Amino acid sequence: MRTLTFLGLLILLPAACDSSPKRLDPVPPDLEARVQVADTAIGDLKKTLSGKLMAAVKSGGPEAGIDVCGKDAHALTQEVASRHGVRIGRTSERLRNPEQNAARPWLSDYLKEVSTKKASEAGRAVFDLGSSLGVVQPLATQGLGVTCHGDPKGIPAGVQAAIAKRYPKDQAVGFSEGDVRGVVWVEIEKKAP
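Numbering (this note's numbering), first residue to last: 349 to 541.
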């Protein structure tokens with residue numbers, strides 16, 4: 349009898365230990381305001397990084413854009429996090445900078461789900477993380493982004509050299525315009541401070 353009880357526990361254990369976050373669809377009304385804060389932070393980060401990147405590329409070409417991504421993006425992300433009182437970041441299934449952009453565990457299923465989609469087909473998702481929420485939105489590959497993240501055969505030699513120097517283990521290539529290049533994620537407490 350003890351053996352059967354033990355085997356029964358082993359069968360139930362994986363279900364009890366499932367730490368997969370629950371996707372909230374729809375978002376409960378009492379959490380909508382917190383999700384809105386997360387959405388605003390994501391929009392702020394996209395606008396901030398895009399503006400800095402576009403200005404750099406305009407003045408110094410794609411290589412200058414690589415410098416923004418490598419030197420400034422992390423600090424700008426932290427500024428946005430502080431401004432909105434959230435934890436925020438960017439990640440992808442194919443990383444260029446794994447030290448700064450490693451995926452949070454709760455994102456793994458969502459990343460797999462959207463990695464082969466066009467951004468227009470992938471939507472925002474909200475996850476219950478216990479005392480906090482996880483909010484994630486896809487990042488579309490823009491036309492300019494193909495210069496650094498497109499088909500390796502089409503990436504200019506100078507850009508390839510700059511990427512290889514800064515990111516010797518780069519995997520963030522092979523994207524077409526409109527593809528999900530990655531995501532922006534936010535973790536936010538369910539209760540406002």
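In this text, a Cβ means the ideal position worked out from N, Cα and C, and glycines have one as well. Predicted model, so just to flag it, every value in this text is computed and none were measured.
- Message: Quick check on Pro-369: buried or exposed, where buried means 16 or more other Cβ atoms within 10 Å of its Cβ?
- Response: buried
- Item | Exposed unless 16 or more other CB atoms sit within 10 angstroms - verdict on Gly-356 | Here Gly-356 scores only 43 on pLDDT, less than 50, and its place in the model is too uncertain to base an answer on.
- Message: For a test of the three-state rule: what should DSSP assign to Ser-368, helix, strand or coil?
- Response: If DSSP states are grouped into helix, strand and coil, Ser-368 belongs with coil.
- Per the contact definition of three or more C-beta pairs closer than 8 Å, is the region 453-461 in contact with the region 473-488? Using a C-beta cut-off of 8 Å, the region 473-488 makes contact with the region 453-461, since at least three inter-stretch Cβ pairs fall below that distance.
- Query: Would the beta-carbon of Arg-438 fall within 8 Å of that of Gln-519?
  - Reply: no
- What three-state label does DSSP hand Thr-296 in the structure shown? Shown here, the chain extends from 349 to 541; a query on residue 296 therefore has no answer.
- Message: So Phe-523 and Arg-529 are supposed to be a Cβ contact under 8 Å. How far apart are they, rounded?
- Response: Indeed they touch by this definition, with Cβ atoms about 5 Å apart.
- Message: Within the continuous alpha helix (DSSP H) that includes His-436, where are the two ends?
- Response: Looking at the sequence shown, residue 436 is not His but Ile. Looking at the DSSP string, Ile-436 is not in any alpha helix (DSSP H); the run it does join, the beta strand (DSSP E), is 435-439.
- Item | Span of the alpha helix (DSSP H) around Arg-431 | Following the DSSP letters along the chain, one finds Arg-431 inside the alpha helix (DSSP H) bounded by residues 421-432.
- Query: Which ranges would you report for the alpha helix (DSSP H) in the region 479-525 if only whole runs of at least 4 residues count?
  - Reply: 494-497 and 505-514
- Task: Quick one: give me the first and last residue of the alpha helix (DSSP H) that Asp-392 is part of.
- Result: DSSP places Asp-392 in the uninterrupted alpha helix (DSSP H) bounded by 380-415.
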